[in-house]
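Read the structure below first, then the notes.
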Amino acid sequence: MRSVARRCNVLKLLVKRFNEHGLIDLGAQCAYFFLLSLFPFLIFVISLLSFSPFTFNDVYRLLQIAYVPPGVLDVIENQWEVLTNNQNTGILSLGLLFTLWTASLALNSILRALNLAYDVTERRGLVLARLISIGLTIGMFAVVIIALSLQVVGSFLKDYIAIDFFIFDADLFRWLLSTAIIFSVLLILYLVGPNTRLGIKEVYLGAIFATMGWQLTSFGFSIYLNRFADYSATYGTIGTVIALMIWFHLSSIIILIGGEINAILKEEHDRIFR
Numbered sequence: 001m002r003s004v005a006r007r008c009n010v011l012k013l014l015v016k017r018f019n020e021h022g023l024i025d026l027g028a029q030c031a032y033f034f035l036l037s038l039f040p041f042l043i044f045v046i047s048l049l050s051f052s053p054f055t056f057n058d059v060y061r062l063l064q065i066a067y068v069p070p071g072v073l074d075v076i077e078n079q080w081e082v083l084t085n086n087q088n089t090g091i092l093s094l095g096l097l098f099t100l101w102t103a104s105l106a107l108n109s110i111l112r113a114l115n116l117a118y119d120v121t122e123r124r125g126l127v128l129a130r131l132i133s134i135g136l137t138i139g140m141f142a143v144v145i146i147a148l149s150l151q152v153v154g155s156f157l158k159d160y161i162a163i164d165f166f167i168f169d170a171d172l173f174r175w176l177l178s179t180a181i182i183f184s185v186l187l188i189l190y191l192v193g194p195n196t197r198l199g200i201k202e203v204y205l206g207a208i209f210a211t212m213g214w215q216l217t218s219f220g221f222s223i224y225l226n227r228f229a230d231y232s233a234t235y236g237t238i239g240t241v242i243a244l245m246i247w248f249h250l251s252s253i254i255i256l257i258g259g260e261i262n263a264i265l266k267e268e269h270d271r272i273f274r
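First residue of the sequence shown: 1, per the UniProt record's numbering; consecutive thereafter.
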């Protein structure tokens, strides 16, 4: 009974904080910066792929297995084709710098929201806080590159090594890989983002929730776009951008909810064992 009462209390606190902390508004702020960073990020990736064995198909399959909605994939694919036709490897550095800056703005918004969840103020200074945001952005880039490398390794194992189909399934491997990537990124974000000392045990539940919640939300949004809503037919080309913005908004809210869950559980733990 205590366990049930505790879970109900956590849920009530979560709903209360969702409204008090304005997670919908904070999610919209994050979504704007994510959208702003998408296109310079594509420029950077296109330039980077010219120096690597990976192709756009590798990136596309990884996003597809991760349940990125089809409308979002359409935007990425269309912009990829436009940028590829006007490819200039000389803009690699510029694309990297602008991507780091805009993506770090989104992460900086998330860091402020996490500090709000833990009821702490940012005392690390403007420069250090921005460096943390940029460091997390670079970490995400590194994780994506590692993921692509593992995906190529997985395809190699399937194509060139005699592994039974029931033992090794490429799609299952990619799904597990994408899930592990999302969980790892969120775990690090929740661990180092707030201006308070935390351990892995204090943040992993929120990371699990956000990982599964993000995948379920993306999967549900994909079904919604396929069966009930056709933004392209209604709004034309801008429709896919609208779908992308909505997806970024939903994703940001899920991430922020995961942070609130961690903060609530930490408060409950500190109150019980004080």
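Even for Gly, the Cβ is constructed at its ideal location relative to N, Cα and C.
If you drop the 5 nearest sequence neighbours on each side, which residues of the same chain put their C-beta closer than 6 Å to that of residue 182? 211
Closer than 7 Å by C-beta to residue 31: which residues in its own chain qualify, once you throw out the five before and the five after it? Chain order, please. 245, 248, 249, 252
Could you give the residue range of the alpha helix (DSSP H) that holds residue 265? 238 to 272
Residue 138 versus residue 33: straight-line alpha-carbon distance, rounded: 16 Å
Residue 137 - DSSP class collapsed to helix/strand/coil: helix
Opening and closing residue of the alpha helix (DSSP H) in which residue 226 lies: 204 to 227
Mind checking residue 11: buried by the 16 CB within 10 Å criterion, or exposed? exposed
Cutting at 6 Å between CB atoms, please list the residues of its own chain near residue 29, excluding the five before and the five after it. 109
CB-CB under 6 Å to residue 205, same chain, minus the five flanking residues each way: which ones, in chain order? none
Suppose you measure from the CA of residue 188 to the CA of residue 97; what does that come to, to the nearest Å? 22 Å
For the putative contact between residue 6 and residue 202, defined by C-beta atoms under 8 Å, what is the C-beta separation to the nearest angstrom? That pair is no contact at about 16 Å.
Could you name the residues of the same chain whose beta carbon sits closer than 6 Å to that of residue 262, not counting the 5 residues immediately before and after it, in chain order? 190, 203, 206
If you measure between the beta carbons of residue 209 and residue 258, is that distance less than 8 Å? yes
Taking residue 117 and residue 21 to be in contact with their CB atoms under 8 Å, please state how far apart those CB atoms are, rounded to whole angstroms. 7 Å
Determine whether the beta carbon atoms of residue 186 and residue 26 lie at a separation below 8 Å. no
Inter-residue spacing [alpha-carbon to alpha-carbon] between residue 40 and residue 130: 19 Å
Output needed for residue 180: all residues of its chain with C-beta closer than 8 Å, excluding positions within five of it in sequence on either side, in chain order. none
Tell me which residues share the same chain as residue 14 and place their Cβ nearer than 8 Å to its Cβ, disregarding the 5 neighbours each side in the sequence. 257, 260, 261, 264
For residue 104, does the three-state DSSP call read helix, strand or coil? helix
Just tell me which of 101, 133, 254 has its CA closest to the CA of residue 213. 254
Quick one: using the 10 Å Cβ neighbour count with 16 as the cut-off for buried, is residue 240 buried or exposed? buried
Same chain, Cβ closer than 6 Å to residue 162, neighbours up to 5 away in sequence not counted: Interpretation of residue 162 is limited by its pLDDT of 49, a score under 50 that renders its predicted location unreliable; the figure taken from the coordinates is listed afterwards. Closer than 6 Å at Cβ, skipping near neighbours: no residue.
Does the Cβ of residue 121 have 16 or more other Cβ atoms within 10 Å, making it buried, or fewer, making it exposed? exposed
Would you say residue 178 and residue 103 are within 8 Å of each other, going by their C-beta atoms? no
Residues in the same chain with beta-carbon distance under 6 Å from residue 113, minus the five sequence neighbours each way, listed in chain order, please. 26, 256
What's the gap between the Cα of residue 128 and the Cα of residue 194? 13 Å
By the three-class DSSP mapping on this structure, what secondary structure does residue 27 have? helix
Quick check on residue 185: does DSSP put it in helix, strand or coil? helix
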